[in-house]
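Numbering-wise (this note's numbering), the sequence shown opens with residue 6 and increments by one. Ideal placement from N, C-alpha and C gives every residue a C-beta, glycine not left out. Owing to the predicted nature of the structure, the values given are computational and were not obtained by experimental measurement.
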Amino acid sequence: MKKRKKLYEGKAKIIYSTDDKNLVIQHFKDDATAFNNQKRATIEGKGILNNRISEHILSSLSEIGINNHLIKRLNMREQLVELVSIIPIEFVIRNIATGSLTKRLGIEEGTILDYPLIEYCLKNDKLGDPIISREHILNFKWLNTIELDLINEQCLRINDFLQGIFRGVGIKLVDFKVEFGKTKSNDKIILADEISPDTCRLWDHQTDKKLDKDRFRKNLGNVVESYQEIARRLGILHEQSNIRPIKFPKPIAVKIKKNK
Ligand code: TMP
Ligand code: ASP
């Protein structure tokens, strides 16, 4: 598939057109930003890891029937994806209180939520991605009730599935953000963008050590090493890397009794 012209450049990714009007190439950069672009850095190797991790997650999600834009990974930094018009809403799903939830509402850091909490933010950098309600989404016709209910249901299924995947490798899925789009070909709503340590909060199960973009946001260091750790635990980091791994405690070994 030939890469044609640059259609859009975001903070962490670039979208290129292809020969097929319904398909585009999503390129993962090493750039990282936080706090609405106020903090910036280039983290060598981050794009490669996010490309691989997001491919793994999105292809696993398609296996359980969560339709998404991923067609296939093309190379270290690029994926072929379906062209969508992105719905201008960030869907945040939370299992444990941290980040903006604790700041906004004074909920104690680390509070385990009784059930997953879905929040909506308007995707608008100029306004600082403000939190919005279901009523805003319906009133301003960003989505209708059927579409919003379908996306909410998908968010909960994605959360369930990802919690399981991560729990199995000793990681707590604290929260994450997803985006959906409407396909150019038939206006169908599908999951788009990426799911990676840039868009999730992932804590080591035993130590609560942060293994995600909060390491960059909070200047904790070892950003790329943490992303590598996620990839390694997911069993998708096979290539040799010259970045020295950091030592994290091993996940608890579970003894499985064999039926005789
Ligand atoms: P928050 O606690 O800062 O609102 O973040 C909630 C989740 O959304 C967290 O997993 C990080 C993710 N997120 C993004 O992917 N992009 C963003 O621009 C922001 C602010 C958060
Ligand atoms: N996407 C945010 C930014 O605008 C960063 C974040 O993930 O916190 O820079």
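Collapsed DSSP secondary structure at residue i in the structure displayed
i       : result
Asn-164 : helix
Arg-45  : strand
His-32  : strand
Asp-154 : helix
Asn-73  : strand
Asp-130 : helix
Gly-50  : coil
Asp-24  : coil
Ile-248 : Confidence is the limiting factor: at Ile-248 the pLDDT is only 48, short of 50, which leaves the residue's position unreliable, though a coordinate-based value still follows. In the structure shown, Ile-248 sits in coil (DSSP, three-state: anything other than H, G, I, E or B).
Leu-66  : helix
Leu-148 : coil
Lys-265 : Residue confidence is low: Lys-265 scores 43 on pLDDT, short of 50, so the model does not pin down where it sits. No coordinate-derived value is stated.
Lys-7   : coil
Beta-carbon proximity check, residue i vs residue j, cutoff 7 Å
i       : j       : result
Leu-75  : Val-86  : yes
Ile-163 : Leu-153 : no
Gly-15  : Asp-35  : no
Ile-62  : Ile-194 : no
Ile-48  : Ala-37  : yes
Asp-130 : Asn-41  : yes
Leu-127 : Pro-135 : yes
Ile-123 : Asn-80  : no
Tyr-125 : Ile-112 : no
Ile-71  : Gly-186 : no
Short CB-CB distance (under 7 Å) between residue i and chain D
i       : result
Asp-192 : Reference to chain D is not applicable here, since this structure consists of a single protein chain.
Nonlocal neighbours in the same chain, by C-beta distance under 6 Å from residue i, ignoring five residues either side
i       : result
Lys-182 : Glu-95, Val-97 and Thr-204
Ser-190 : Asn-27
Gly-50  : Val-229
Thr-116 : Ala-102
Asp-24  : Lys-7
Arg-222 : Ala-39
Tyr-13  : Ile-20
Arg-139 : none
Cβ neighbours of residue i in the same chain (closer than 8 Å, five flanking residues each side left out)
i       : result
Ser-65  : Phe-166 and Ile-170
Arg-238 : Val-174, Gly-175, Ile-176 and Pro-256
Arg-9   : Tyr-21, Ser-22, Thr-23 and Asp-24
Leu-225 : Lys-215 and Asp-219
Asn-73  : Leu-63, Leu-66, Ser-67, Ile-195, Leu-196 and Ala-197
Phe-145 : none
Arg-109 : Ile-136
Chain-order list of residues whose beta-carbon lies under 7 Å from that of residue i (same chain, five-residue window excluded)
i       : result
Lys-11  : Ile-19 and Tyr-21
Ile-248 : Summary for Ile-248: the model assigns pLDDT 48, below 50, so the residue's position carries little reliability, and this model does not support an answer.
Pro-121 : Ile-98, Arg-99, Asn-100, Leu-161 and Asn-164
Leu-155 : Ile-194
Arg-82  : His-32, Phe-33, Gly-52, Ile-53 and Asn-56
Lys-265 : Bear in mind that a pLDDT of 43 at Lys-265, under 50, signals an unreliable position, so the number given afterwards is only what the model happens to contain. Closer than 7 Å at the Cβ level, and outside the excluded window around Lys-265, lies no residue.
Nearest-angstrom beta carbon gap, residue j and residue i [assumed within contact, 8 Å]
i       : j       : result
Ile-58  : Ala-197 : In fact, because the Cβ distance is near 16 Å, the residues do not count as touching under 8 Å.
Pro-202 : Asp-180 : Not really, about 12 Å apart at Cβ, beyond 8 Å.
Glu-68  : Gln-84  : About 17 Å; that fails the 8 Å criterion.
Gly-104 : Arg-206 : 7 Å
Segments of 4+ residues assigned as alpha helix (DSSP H) that fall wholly inside the stretch 168 to 246: Whole alpha helix (DSSP H) segments, 4+ residues: 219 to 222 and 228 to 238.
Taking only runs of the beta strand (DSSP E) that begin and end inside the stretch 79 to 117, which ones reach a length of at least 3 residues, in chain order? 83 to 87, 89 to 91 and 94 to 101, all fully within the stretch 79 to 117.
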